[in-house]
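Taking it in order: structure first as structure tokens, then the write-up.
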Amino acid sequence: MSQSTLFKPSRRRFISSAAGLSALAVAAPLVVTSRKAFGAGKLVLVSWGGSYRTAVENALVKPFSQEMGVDVTVIDTPDLAKVKAQQMTGNIEWDVFDAPGALGTAGSKAGFWEPLDPQMAANSDLIVPMKKDLAPLYFFTGGIGWDPARYPEGKHPRNFTEYFDLKKFPGKRTFRNRPSETLEAALLADGVPPNKLYPLDVDRAFKALDKVKPSVVKWVEQTPQSIALLQSKEADFSYVYASRVKTQTDGKYGFSFDQTLNGLEYFAVLKNAPNKANAMAFVAYSLRPDRQAAFMEILGNLPASRKAMPMLKEETRKWMPNMSSPNNAILDDDWWANEFDTVSRRFKEWSLT
Amino acid sequence: MKAGREAFAYLGPALVLVLGVVLVPLLFVVYTSLYNQGVTLDAYRVLLKSTLFQKSLVTTLEISLVAAFASLLLGYPVALHLARQSARQRAFLMILVLVPFWTSILVKSYAFTLILGKEGFINQALHFLFGSEVSLQLLFNRVGVIVGMTNYLVPFVVFPVLASLLAIDKSVYRAAEIMGARPPRIFWRITLPLSIPGVASAVISTFVMSAGFFVIPALLGGRKDVMMANLVDFYTRETLDWNLASAIGVILLALATVAASASFASRTGSRFEFAK
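Sequences listed follow chains D and U, in order. Positions 13 to 365 (the working numbering) are the ones given, in order, by the first sequence. Positions 384 to 659 (the working numbering) are the ones given, in order, by the second sequence.
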């Protein structure tokens, strides 16, 4: 066809570069596998990408490799579907899995994780106890964010009741496009005390959400968008994460610590992990107060270790919730592990109407 | 005999690749959609009864059709223009068509926020012209999805249509001109009919591609713009219900197959067959 004439002037160059590219593509996996094949001390950690990855590498992976002589490979994006595939085929490639709340407990329910040594860290040091197959790593803190240049003190909501109060604080809002965190926010707004949230009164939560539904500009799918929407003035107030406000806006945007929703991030070890001993050592190492402090100093979330708190800079601690405040709620991952499926379907159907 | 062997030498590698890399996993998906503690059609039954599935099926069809035709409307004139350039100029202009195609969807979606947003270029222009009360909601609704998808899909219209246009024998135009046809008549009687094969393949491929989209609806769409691919993602990664996820995949594939064979039938039955 005459399409070929389009490429005529540089066809030879095109072909040679295409051949070069495909040779590279073929060779790339070989390089990776051959590196994997060397050395007895190995570990594969699957964690989150971007600046999160830098934090994990600098605070945990590099010092662990140096101290223990273990060669750690870090892979991006923990995906439970891939864990399921690995478990189904018996071809386990990952050792340690970095799991946010419900993902961790869902894996637990499906039997994807190895039991952990409960003595791995001093339970007295941890804000929440170890689970049988999940090690609490840190809390991420969700709450209300705003741009102080547009909404000075007194002009923006500070707790969920106010976030749902469209008369007192008119304007566009955001929520996550999922029931977890969103239903909790609705119930807190409706007056349920934070320590009496679970089991969630799902009907009541949807009723509360019905009222704010028309004022929601976006049900956020990708976390960074929750702040980007404030920056582009699409949203007046947004459900954001404290650590993201600190890093994504250099701490210039507002975040209310008056009332927060706190979710746990866990480390889990895959069942029949190829480097199980190293994996266990790595999880224990990550719970050490000094490593916890180093990790959270970069990431800006609340460490699971109590002893890590005083090791943090004053400036960093300003961005952490006070967990002894009765206004703050903790997400119950066990409840979500059992209900996520049905409640999510209902949430999705509710969004379509 | 010899010709058959020769054909195999040319087609063999692609055939092996398609069998191994596409067909085997595809059969596994079909199997997963049918197997849930024994062979059963339960997944399909559940889906057909589910409001969530029905609504997103309709949304998917609507969005895919609109996106495919919007891309055709925008892409066809571009292809027409490209076809009239010298080969050299065309090569340069084609790069311009491809630049947005090479840009990451995430980056483009962010750029669209700047253009379509409440305080974006379009709305600021409207404020300037008609006062600040006049403003259009162009983002986080169907409009945003269609704009984002069309931007992505236009190159997939331009190239097949361009190939069809370039294949038209120039002497046909000359003959028409000699017989006194004016440009509009030449377009309707010659250019358009002879470019139909390119148009058909463009519409089909953009429709099929749209049916599998999910990043753009997630970033630029509203809560009601849930596509089938979003559901596949939900069942695969969040609820780990691969039975249902595979069944949706099979239904999507069936849709694509129906669309493609419809176009194939219309093309082989076309009265413009002589053009080839």
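The beta carbon of each residue, even a glycine, is placed where N, CA and C say it ideally should be.
For residue j and residue i, the rounded distance between their alpha carbons
i: residue 182 (chain D); j: residue 158 (chain D); result: 13 Å
i: residue 165 (chain D); j: residue 334 (chain D); result: 21 Å
i: residue 400 (chain U); j: residue 414 (chain U); result: 21 Å
i: residue 86 (chain D); j: residue 285 (chain D); result: 15 Å
i: residue 516 (chain U); j: residue 161 (chain D); result: 22 Å
i: residue 289 (chain D); j: residue 275 (chain D); result: 28 Å
i: residue 466 (chain U); j: residue 551 (chain U); result: 10 Å
i: residue 225 (chain D); j: residue 564 (chain U); result: 59 Å
i: residue 566 (chain U); j: residue 479 (chain U); result: 27 Å
i: residue 137 (chain D); j: residue 197 (chain D); result: 29 Å
i: residue 474 (chain U); j: residue 483 (chain U); result: 16 Å
Any chain U beta carbon closer than 8 Å to residue i
i: residue 234 (chain D); result: yes
i: residue 65 (chain D); result: no
i: residue 355 (chain D); result: no
i: residue 244 (chain D); result: yes
i: residue 92 (chain D); result: yes
i: residue 361 (chain D); result: yes
i: residue 364 (chain D); result: yes
i: residue 237 (chain D); result: yes
i: residue 161 (chain D); result: no
According to DSSP, residues forming a beta bridge with residue i
i: residue 618 (chain U); result: DSSP, once it has assigned bridges, lists no residue as partnering residue 618 (chain U).
i: residue 275 (chain D); result: D:152
i: residue 125 (chain D); result: D:282
i: residue 231 (chain D); result: D:187
i: residue 362 (chain D); result: DSSP lists no partner for residue 362 (chain D).
i: residue 402 (chain U); result: None; residue 402 (chain U) has no bridge partner.
i: residue 314 (chain D); result: D:151
i: residue 112 (chain D); result: D:277
i: residue 418 (chain U); result: U:422
i: residue 328 (chain D); result: Partner(s): none; residue 328 (chain D) has no beta bridge.
i: residue 266 (chain D); result: D:158
Short CB-CB distance (under 8 Å) between residue i and chain D
i: residue 537 (chain U); result: no
i: residue 500 (chain U); result: yes
i: residue 431 (chain U); result: no
i: residue 523 (chain U); result: yes
i: residue 606 (chain U); result: yes
i: residue 438 (chain U); result: yes
i: residue 463 (chain U); result: no
i: residue 609 (chain U); result: yes
i: residue 456 (chain U); result: no
i: residue 409 (chain U); result: no
i: residue 620 (chain U); result: yes
i: residue 496 (chain U); result: yes
i: residue 435 (chain U); result: yes
i: residue 602 (chain U); result: yes
Candidates the options: closest to residue i by CA position
i: residue 444 (chain U); options: U:621, U:591, U:644 and U:461; result: U:591
i: residue 147 (chain D); options: D:280, D:322 and D:320; result: D:280
i: residue 369 (chain D); options: D:349, D:214 and D:266; result: No statement about residue 369 (chain D) is possible, as the shown extent of chain D runs from 13 to 365 and does not include it.
i: residue 262 (chain D); options: D:311, D:251 and D:365; result: D:311
i: residue 253 (chain D); options: D:353, D:331, D:308 and D:209; result: D:331
i: residue 349 (chain D); options: D:132, D:111, D:318 and D:319; result: D:111
i: residue 492 (chain U); options: U:462, U:464, U:474 and U:523; result: U:523
i: residue 248 (chain D); options: D:156, D:314, D:282 and D:307; result: D:156
i: residue 336 (chain D); options: D:211, D:76, D:207 and D:293; result: D:207
i: residue 258 (chain D); options: D:316, D:329, D:175 and D:141; result: D:329
i: residue 272 (chain D); options: D:343, D:180 and D:144; result: D:343
Interface flag, residue i vs chain B, CB-CB below 8 Å
i: residue 519 (chain U); result: Any reference to chain B falls outside this structure, whose protein chains are D and U.
Residue i CB to nearest heavy atom of the ligand ADP below 7 Å
i: residue 545 (chain U); result: As for the ligand ADP, it is missing from this structure, which has no ligand bound.
Taking contact to mean 3 or more Cβ pairs, one atom from each stretch, closer than 8 Å, check whether the segment 565 to 574 of chain U and the segment 625 to 639 of chain U are in contact.
Verdict: no, contact absent.
Between the segment 222 to 240 of chain D and the segment 170 to 190 of chain D, do at least 3 Cβ pairs fall closer than 8 Å?
The answer is yes - the segment 170 to 190 of chain D touches the segment 222 to 240 of chain D, with three or more Cβ pairs under 8 Å.
Counting pairs of beta carbons, one from the segment 109 to 126 of chain D and one from the segment 86 to 95 of chain D, are three or more of them closer than 8 Å?
Because the criterion of three Cβ pairs below 8 Å is met, the segment 109 to 126 of chain D and the segment 86 to 95 of chain D touch.
Is the segment 385 to 398 of chain U close to the segment 170 to 178 of chain D, with three or more CB pairs under 8 Å?
The segment 385 to 398 of chain U is not in contact with the segment 170 to 178 of chain D.
Are the segment 210 to 218 of chain D and the segment 345 to 365 of chain D touching by the rule of at least three beta carbon pairs closer than 8 Å?
Result yes; three or more Cβ-Cβ pairs closer than 8 Å.
At a cut of 8 Å, does the segment 599 to 616 of chain U reach the segment 539 to 554 of chain U through at least three beta carbon pairs?
The answer is no - the segment 539 to 554 of chain U does not touch the segment 599 to 616 of chain U, with fewer than three Cβ pairs under 8 Å.
Would you check if there are 3 or more beta carbon pairs closer than 8 Å linking the segment 317 to 327 of chain D to the segment 578 to 596 of chain U?
As far as the Cβ criterion goes, the segment 317 to 327 of chain D does not touch the segment 578 to 596 of chain U, which means the pair count is below three.
Any contact between the segment 535 to 550 of chain U and the segment 455 to 465 of chain U? By contact I mean 3 or more CB pairs, one from each, below 8 Å.
Output reads yes: the segment 455 to 465 of chain U touches the segment 535 to 550 of chain U.
Pairing CB atoms from the segment 290 to 306 of chain D with CB atoms from the segment 66 to 85 of chain D, are three or more of them under 8 Å?
Segments in contact, yes.
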